[in-house]
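K.L.:
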Amino acid sequence: MRLGTIERIWRYPIKSTGGERLASVDVDERGVLGDRLYAVRDAEGRFGSGKNTRRFRRMPGLLRLRSRYPEAQLLAEPELLDPHGVPVADATAYLRRYLQRQDVEVAREGSVSHFDQLPLSVLSTATLEWMRTALAGIPVDERRFRPNLLIRTPPGTPAFVEDQWLGSTVRIGTAVGVTFVRSSERCVMVGESQQDLPHSPLVLKTIARAHDMRLDALGTVAEPGTIGVGDVVTVIRS
-11 MRLGTIERIW
-1 RYPIKSTGGE
9 RLASVDVDER
19 GVLGDRLYAV
29 RDAEGRFGSG
39 KNTRRFRRMP
49 GLLRLRSRYP
59 EAQLLAEPEL
69 LDPHGVPVAD
79 ATAYLRRYLQ
89 RQDVEVAREG
99 SVSHFDQLPL
109 SVLSTATLEW
119 MRTALAGIPV
129 DERRFRPNLL
139 IRTPPGTPAF
149 VEDQWLGSTV
159 RIGTAVGVTF
169 VRSSERCVMV
179 GESQQDLPHS
189 PLVLKTIARA
199 HDMRLDALGT
209 VAEPGTIGVG
219 DVVTVIRS
């Protein structure tokens, strides 16, 4: 059964910052190569985020920044871009000024995973379009939900179709196998301002009311390989 095709691919080199759109990318057991490989970390080992928990430290403004890997230097330390899209010379020094904190640094993943849950997040255009309709007047695109893959689903596909994918293994393109396990439980990050998307608490409230705080399909990589925009996504086991 054909689910759809890859519409867009996203990678977020530095966790909790805006990411980079890709035409194609390698995928391994950890997920999209280099995704969230770095994070903003404080002296207590907590990661910069939009919330405070035992694992995260709220650092407002991170989503107004973006990160990317230097061209032709994959998995070299990523570049951090300021709110105007200009690369900064020293990411840690810039963040200390920007966040007004001297205890933060850009750190590569160590023994503690940077992923909140599972390595690959997939969102359908059917669900995204439903959110846009439900939030008429509020700018909404997939950047609010930070998926790795946006899947173009056929006309008439219902919103939250991702629920139907859970438990299935799919083939993406000719090589990559992904098993969908569960959906993400969303938090205040979906309503944070980023680039041209304004702050809006209604985004999270809408997800909570319509779908019990859940949005997307999270998966593990069963077979690594390379994927690209336009690749077909097909169920091979349900």
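Going by our numbering, 74 is the number at position 86 of the sequence shown; the sequence numbering is gapless. Every residue, glycine too, gets a C-beta built ideally from N, C-alpha and C.
1. Compare the C-alpha of Ser156 against each of Thr167, Lys39, Ser12 and name the closest.
2. Nearest to Ser181 by CA position, among Thr113, Pro48, Ile224, Leu106, is which residue?
3. Does Ile126 come out as helix, strand or coil in the three-state DSSP assignment?
4. Do three or more CB pairs link the stretch 174 to 188 to the stretch 124 to 135 at distances below 8 Å?
5. If I'm right that His15 touches Val209 with Cβ under 8 Å, what's the distance once you round it to whole angstroms?
6. Whole angstroms is fine: what's the gap from Gly73's alpha carbon to Leu83's?
7. Between the alpha carbons of Ile43 and Ser37, how many angstroms are there, rounded?
8. Classify Asn136: buried if its beta carbon has 16 or more other beta carbons within 10 angstroms, exposed otherwise.
9. So, with DSSP's three-state summary, where would you put Val105?
10. Apart from the five residues on each side of it in sequence, which residues of its chain come closer than 6 Å, Cβ to Cβ, to Arg140?
11. CA-CA distance, Glu97 and Tyr26?
P.N.:
Let's see:
1. Thr167
2. Pro48
3. coil
4. yes
5. The sequence shown places Val at residue 15, rather than the His named in the question. Yes, they are in contact, since the Cβ atoms of Val15 and Val209 sit about 6 Å apart, within 8 Å.
6. 15 Å
7. According to the sequence displayed, residue 43 carries Arg and not Ile. Going from the Cα of Arg43 to the Cα of Ser37 covers about 9 Å.
8. buried
9. Going by the sequence as given, residue 105 is Gln instead of Val. Coil.
10. Gly(-8), Thr(-7), Glu(-5), Thr113
11. 6 Å
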